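Peer 1: Structure below; questions to follow.
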Ligand SMILES: [Zn+2]
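Numbering (this note's numbering), first residue to last: 2 to 186.
And the structure:
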């Protein structure tokens with residue numbers, strides 16, 4: 002990523018107050034308004050430029066209940082499943098498996114760090130899509146992990162708040178050298 006892109010798509014960094022707010026629910030009847038459709042486009046561009054698999058509106062300084070999931074294999078997550086970038090609006094978790102799995106997460110707002118974060122393995126979720134349709138579905142594994150990570154952002158939490166121990170937080174350099182099958186390019 003070059004400096005120009007960073008300036009066009011700035012990402013709120015840990016310590017900024019916007020990341021600690023509880024985001025405002027969207028009036029779903031207005032989701033087709035330019036204001037929201039443009040916000041969604043901006044988030045999709047920002048996460049693509051940053052090479053992430055998800056981004057929540059507070060991360061681009063909008064405290065609104067929207068996030069993008071865009072899992073795909075990349076240098077940050079070589080084993081991620083491929084999916085079409087999807088806007089998730091007013092998300093909720095309806096139910097979840099008691100089984101939790103610990104796996105590594107990073108965050109565009111917490112640069113250069115990785116954490117071993119426990120998440121529910123399977124969740125049933127409800128949200129609205131970019132056209133305002135209500136969707137209910139079951140997610141598991143990595144997709145369930147992204148959903149929980151991004152939903153936390155809408156509640157003012159980062160993955161660091163979910164760590165069981167500060168020893169589960171390591172530098173990204175160490176993560177790449179110890180755990181990644183793909184070296185950083
Ligand atoms: Zn994040």
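For each residue, glycine too, the CB sits at the ideal point set by N, CA and C.
Since this is a predicted model, take the numbers as computed values, not measurements.
For the pair the segment 108-119 and the segment 14-25, tell me if three or more CB-CB distances fall below 8 Å.
Peer 2: Because the criterion of three Cβ pairs below 8 Å is met, the segment 108-119 and the segment 14-25 touch.
Peer 1: Between residue 94 and the rest of its own chain, which residues show a CB-CB distance below 6 Å, the 5 nearest in sequence each way excluded?
Peer 2: Taking the chain shown and counting its residues from 1, one reaches residue 94 at position 93. 124, 126, listed in sequence order.
Peer 1: Residue range of the beta strand (DSSP E) that residue 140 falls in?
Peer 2: For the purposes of this step, residue 140 is taken as residue 139 along the chain shown, with counting starting at 1. Unbroken beta strand (DSSP E) run through residue 140: 135-141.
Peer 1: Name the two residues that bound the continuous alpha helix (DSSP H) containing residue 129.
Peer 2: Taking the first residue of the chain shown as position 1, residue 129 is located at position 128. Residue 129 -> not in any alpha helix (DSSP H); beta strand (DSSP E) instead, spanning 123-129.
Peer 1: Which of helix, strand or coil does DSSP assign to residue 180?
Peer 2: Position 179 of the chain shown, counted from the start, is the residue given in the question as residue 180. Reduced to three states, the DSSP call for residue 180 is coil.
Peer 1: In the DSSP output, which residue or residues are listed as bridge partners for residue 174?
Peer 2: The count along the chain shown starts at 1 and reaches residue 174 at position 173. In the DSSP output, where bridge partners are listed per residue, residue 174 has none listed.
Peer 1: Between the beta-carbon of residue 157 and the beta-carbon of residue 22, is there less than 8 Å?
Peer 2: The residue given as residue 157 occupies position 156 in the chain shown. The residue given as residue 22 occupies position 21 in the chain shown. Cβ atoms of residue 157 and residue 22: closer than 8 Å.
Peer 1: Once the 5 residues before and after residue 81 are set aside, which same chain residues still bring their CB inside 8 Å of it?
Peer 2: Here the question's residue 81 lines up with position 80 in the chain shown. 54, 72, 73, 74, 75, 143, listed in sequence order.
Peer 1: Can you give the Cα-Cα distance for residue 79 and residue 27, rounded to whole angstroms?
Peer 2: Along the chain shown, one-based indexing puts residue 79 at 78. Along the chain shown, one-based indexing puts residue 27 at 26. If you take the alpha carbons of residue 79 and residue 27, they lie about 33 Å apart.
Peer 1: Residue 113 by DSSP, collapsed to three states: which one?
Peer 2: Here residue 113 is taken as the residue at index 112 of the chain shown, counted from 1. It is a strand residue.
Peer 1: With a threshold of 7 Å (Cβ to nearest heavy atom), would residue 108 be considered close to ligand 1?
Peer 2: Sequence index remark: in the chain shown, residue 108 carries index 107 (1-based). Result yes, Cβ under 7 Å from ligand 1.
Peer 1: Going by the CB atoms, is the gap between residue 140 and residue 148 shorter than 8 Å?
Peer 2: As a working note, residue 148 is residue 147 in the chain shown. As a working note, residue 140 is residue 139 in the chain shown. Yes, the pair counts as a contact, with Cβ atoms nearer than the cut-off.
Peer 1: Could you name the residues that DSSP lists as bridge partners for residue 87?
Peer 2: Reading the chain shown from its first residue, position 86 is the one you call residue 87. The partner list for residue 87 (beta bridge, DSSP) reads 70.
Peer 1: Any beta-carbon of chain C closer than 8 Å to the one on residue 88?
Peer 2: Protein chains in the displayed structure number just one, and chain C is not present.
Peer 1: Does DSSP put residue 32 in a helix, a strand or coil?
Peer 2: On the chain shown, position 31 is the one that residue 32 refers to. It is coil, neither helix nor strand.
Peer 1: Take the Cβ of residue 160 as the centre, count every other Cβ of all protein chains shown within 10 Å, and call the residue buried at 16 or more, exposed below.
Peer 2: Position 159 of the chain shown, counted from the start, is the residue given in the question as residue 160. It is buried - the Cβ of residue 160 has at least 16 other Cβ atoms within 10 Å.
Peer 1: Could you check whether the Cβ of residue 150 sits closer than 7 Å to any heavy atom belonging to ligand 1?
Peer 2: As a working note, residue 150 is residue 149 in the chain shown. Checking every heavy atom of ligand 1 against the Cβ of residue 150, one is found closer than 7 Å.
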